[in-house]
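Q: Take this structure first; my questions come after.
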Amino acid sequence: MRVSQLFGRTSKTAGNDYQIASHRLLTQGGFIRESTAGRYYLLPLGLKVHDRIIEIVRKHMDAAGAQELVMPVLHPLELWKETNRTTTTGFELMKITDRRGADFALGGTAEEMAVDLVRKFNISYKDLPFNIYQFSMKFRDEMRARGGLLRLREFVMKDAYSFGTEAQFKETYQKMWDTYKAIFDELGLKVDVVAADNGYIGGEYCHEFIAESEEGESRYFIDEQSGYAAHEDVAVFKIDDQNVGDELNELQQVDAERGNTMEDGVKFHNLPLWQQTKDVMYFDEATKRYVLAIIRGDFDVNETKLMQAADVWDLRHATDEEIREDLGSEPGFISPVGFPKKGKKTGYDVIIVADKSLRTVRNMYGGNNAKHKDLLNINIDRDYKADVEADIALAKPGYLSQDGGKLVAKKGIEVGNIFQLGYHYSKLMHDAEYTNESGTREKYYMGCYGLGVARTLAAIVEVHHDDKGMVWPANIAPYKAYLARLGDKPEVVAAADKLYEDLTQAGVAVLYDDRMETRPGEKFADADLLGIPYRVVISEKTIASNVFEVKKRTDTEAQMCNQDNVINILV
RNA sequence: CGGGGUGUGGCGCAGUUGGUAGCGCGCCUGGUUUGGGACCAGGAGGUCGAAGGUUCGAGUCCUUUCACCCCGACCA
């Protein structure tokens, strides 16, 4: 491709809106252009890289035995109703109505479609297991698009869906795990594989593939000794016993003229923070229930774990008014002891969720559901009962993992994930069954596997760039070589044209900077900005000494070589 | 959705107490240049995000609205 013909132009500057390296460089380099927030034009250079990534993903998916197909982008809303996901999805479903009034969802993920397709075939155990996948545009009405391609409202996702028996699943999951590792490895992205929360997708466990980056939105922990890695949402850690040997003392009501923070409690009673109860009042808008989370005073509540434990999904903090007027308690003095089962005014149910850490401490102290009233020697089971007891504690840097090593906090870009779905969809959807060996129908066991192509592209730029521009790994660079012609003298033009043709003949993808009257500095700057792996220079000087100048994007020094060498280096 | 901010040629910005819109980059033409983003001369390009209002007069003041950026909840 000749630069003079290339659609999309580089830019020397970028505005203040481009705060993230990948966003700025991809825009300046003419790889992408914003349409509206979260929706981008992918320009010829950007599309080339996008396509290379797709090729690599496809190669590995096919090698893993997955089969590519394409599903409609408009999903009948009926299907989403079947799994009740019109109300529970994390991303807002985009909806659309056709001329007959039929409702469709713009596909944001396609579990229902995959099941619907498979059940049309009346499959048997002989067909299992199999894995189908597609590359398709996904639409998500994200609350906030961010960082250029990092969080889009429209993006191409590779989404795969596996079907099999429960016994077969482990191998399928492992195969996808290995496949993802191989994909990201080939793409030049180091990823951490991290246990995470299934969220709206459903199922019991999943793993995210996260490229470590300051610009990432995913926070996770790693125990570098044991290799334990988990998303902040699900990370578990070792909780030390405190005074579990102590006798249970008698529950005692005391006046407590104190402020309503945890520190105020510590100061007033002169007792350790870990002995205090932390009581956090939530309300779930989805199920209209109050959730009282209780945890040891030196820990914080992990809201994701809490939502899992309480089986709710639209949690917010309760307001002071709700706490006072509906629940008859007092902010800062909430206690599970004698806490109402229902809201007085609203009649909404209250669920008490106790963290496991409450088993590591005895004779706790905390509020008594009234201003300036506290309780001493609170003990679970004896003084209150929890509706749910679970791990709802938030991991923090420096805590010990269950394997004993220190948890180190990291940030990164989630470029892919693999989900165990189990029977989640096959139970919710009718006829999601196969015929087993004895001729009866059984639910199949599923998994799904997502990978965002554009986000991966952005992550690669985040990891591979310097102050001059992008630095593409050779296998996904839009072109292998940037041929910069300096000067427009006929002999220079002739030599450059010839090398361009020769390299092209030899199968080297060359971006030929044939722009007339463009000065050398600008051509070098563009070569650097675009991050093409090799830069070849032809000028009067190189012609005079009968050489070509070749420089790797990552090197500072160029080398001189003859034509055969150029081709050898670049092929 | 909550909080903060911004909308003026393709891009980056200026525009004072309201007086009829400017600078840099880029683009086009001609010329001089050509190894790290040149210089000279000329030129094109803007219903100032949109709608309403106040006023003799609005980029500027008021109201409404839309879009975009940043922080939070969410995700490939």
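Going from the first sequence to our numbering is simple: count from 1 and add 42. The beta carbon of each residue, even a glycine, is placed where N, CA and C say it ideally should be. On a predicted model such as this, the values are computed, not experimentally measured, just so you know.
How would you label G150, buried or exposed, when you count the other beta carbons within 10 angstroms and need 16 or more for buried?
A: Buried, because 16 or more other Cβ atoms sit within 10 Å of the Cβ of G150.
Q: Could you give the DSSP three-state label for M113: helix, strand or coil?
A: Reduced to three states, the DSSP call for M113 is coil.
Q: Look at the alpha carbon of P617 and the alpha carbon of M185, and state the distance between them as a whole number of angstroms.
A: The structure shown does not extend to residue 617, since the chain is modelled only from 43 through 613, so no value can be given for it.
Q: Please classify Q295: does DSSP put it in a helix, a strand, or coil?
A: Three-state result, Q295: strand.
Q: Rounded to the nearest angstrom, how far is the Cβ of R595 from that of G573, given a contact under 8 Å?
A: Yes, R595 and G573 are in contact; Cβ-Cβ is about 6 Å, under 8 Å.
Q: Considering only the beta carbon of each residue, do F172 and G489 sit closer than 8 Å?
A: The answer is no: Cβ separation not under 8 Å.
Q: Determine the closest residue to D156 out of Q70, T498 and S204, with distance taken between C-alpha atoms.
A: Note that residue 156 corresponds to Ala in the displayed sequence, not to Asp. Residue S204 is the option with its Cα nearest to A156.
Q: Applying the criterion that 16 or more other CB atoms from any shown protein chain within 10 Å of the CB defines a buried residue, is R331 buried or exposed?
A: The residue is buried, with at least 16 neighbouring Cβ atoms inside 10 Å.
Q: Are at least three pairs of beta-carbons, each pair with one atom in the segment 426 to 436 and one in the segment 386 to 397, less than 8 Å apart?
A: Enough Cβ pairs lie closer than 8 Å, so yes.
Q: I need the DSSP call for P575, collapsed to helix, strand or coil.
A: DSSP places P575 in coil when its eight states are reduced to three.
Q: Can you list, in chain order, the residues of its chain with a C-beta nearer than 7 Å to that of Q70? Leave out the 5 residues immediately preceding and following it.
A: Result list for Q70: T52, S53, A56 and L571, in chain order.
Q: Could you pull the DSSP bridge partners for V333 from this structure?
A: Answer is Y324 and I393, bridged to V333.
Q: Could you have a look at Q70 and say whether DSSP puts it in helix, strand or coil?
A: Three-state DSSP puts Q70 in a helix.
Q: DSSP state of Q267, grouped into three classes?
A: Three-state DSSP puts Q267 in coil, outside helix and strand.
Q: Skipping 5 residues on each side, what residues in its chain have a beta carbon closer than 8 Å to that of A538?
A: If we look at A538 and ignore the five residues flanking it on each side, its Cβ neighbours are L525, R527, Y554, D556 and I580.
Q: Please list the terminal residues of the continuous alpha helix (DSSP H) segment that includes D544.
A: Its alpha helix (DSSP H) spans residues P532 to Q547.
Q: Could you give the distance in angstroms between the alpha-carbon of L463 and the alpha-carbon of R182?
A: Cα to Cα, L463 sits roughly 21 Å from R182.
Q: Using beta-carbon positions only, say whether V276 and A238 come within less than 8 Å of one another.
A: Cβ atoms of V276 and A238: closer than 8 Å.
Q: Should R195 be labelled buried (16 or more other beta-carbon atoms within 10 Å of its own) or exposed?
A: R195 should be labelled buried.
Q: What is the C-beta distance between E257 and E504, in whole angstroms, given that I count them as a contact (C-beta under 8 Å)?
A: About 6 Å; that satisfies the 8 Å criterion.
Q: Using a Cβ distance threshold of 8 Å, determine whether the segment 103 to 121 contacts the segment 65 to 79, with at least three qualifying pairs required.
A: Because the criterion of three Cβ pairs below 8 Å is not met, the segment 103 to 121 and the segment 65 to 79 do not touch.
Q: At what residue ranges does the segment 166 to 213 contain a whole run of the beta strand (DSSP E), taking only runs of 3 or more?
A: The segment 166 to 213 contains these whole beta strand (DSSP E) runs: 172 to 181 and 196 to 206.
Q: Is the beta carbon of T128 less than 8 Å from the beta carbon of L119?
A: For T128 and L119, yes; Cβs fall inside 8 Å.
Q: Please check the pair Q295 and N410, which I expect to be a contact at CB under 8 Å, by giving their CB distance rounded to whole angstroms.
A: Sure, about 6 Å apart at Cβ, within 8 Å.
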